[in-house]
Amino acid sequence: HGGAPGPALETVFEIGRAERAEAVLRAKLDRGERLMGFGHRVYKVRDPRAEVLSSAAARLIAAGDGDSDLYELARVVESTALRLLEEYKPGRNLKTNVEFYTALLLHSLGMETDLFTPTFAVGRIAGWIAHCFEQREAARIIRPQSVYHGALGRKWA
């Protein structure tokens with residue numbers, strides 16, 4: 008959760024030019040890959056947060072800030088992805104989610120892609136701390152529901 012903005016933006020960069028959008032996205036879908044920035048477990052319509060962020064991106068570009076070429080390419084990628092998702096996954100209602108335009112906005116603000124997920128996490132810290140206080144107040148032992156099985160001693164930023 009919150010890890011898709013980077014890969015969503017990387018897909019736009021990979022496509023590079025509007026005329027490549029369909030071929031690149033179709034190849035991803037043919038390989039069974041997910042299109043990051045599309046689909047949501049709850050929203051079966053366009054994520055309302057994506058609507059707000061897409062408007063913010065449009066205002067940013069209209070004000071002369073941000074990369075207008077990248078914005079236009081992202082719009083083509085979005086419309087192509089929505090059309091192909093309907094073709095490949097009919098009835099699933101996979102629409103644009105919040106992470107697609109989050110990626111574009113964070114990039115336009117000059118943020119490095121590898122900071123997208125930590126930025127998402129910062130906005131959640133107060134809630135996570137509140138959960139800790141609630142659990143402590145309830146005097147209940149916190150029992151993790153999963154166990155990490157990955158590599159140890161990895162470097163992180």
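For any residue, its number in my numbering is found by taking its place in the sequence shown, counting from 1, and adding 7. The beta-carbon is built from N, C-alpha and C at its ideal position, and this holds for glycine as well. Quick caveat, the model's predicted, so the values are computed rather than measured.
Nearest Cα to I148 within the set H156, H138 and G157: H138. Judged by their CB atoms, H114 and L42 are not nearer to each other than the 7 angstroms cut-off.
DSSP places Q142 inside the alpha helix (DSSP H), whose first and last residues are I132 to E144. Burial is judged here by how many other beta carbons sit within 10 angstroms of a residue's own beta carbon; A11 has at least 16 and is buried. Taking N100 as reference, the option from A65, L91 and A81 with the minimal CA-CA separation is L91.
For the options S153, L80, G98 and T109, the alpha carbon positioned closest to that of F123 is the one of T109. If you draw a straight line from the Cα of I68 to the Cα of R48, it is about 30 angstroms long.
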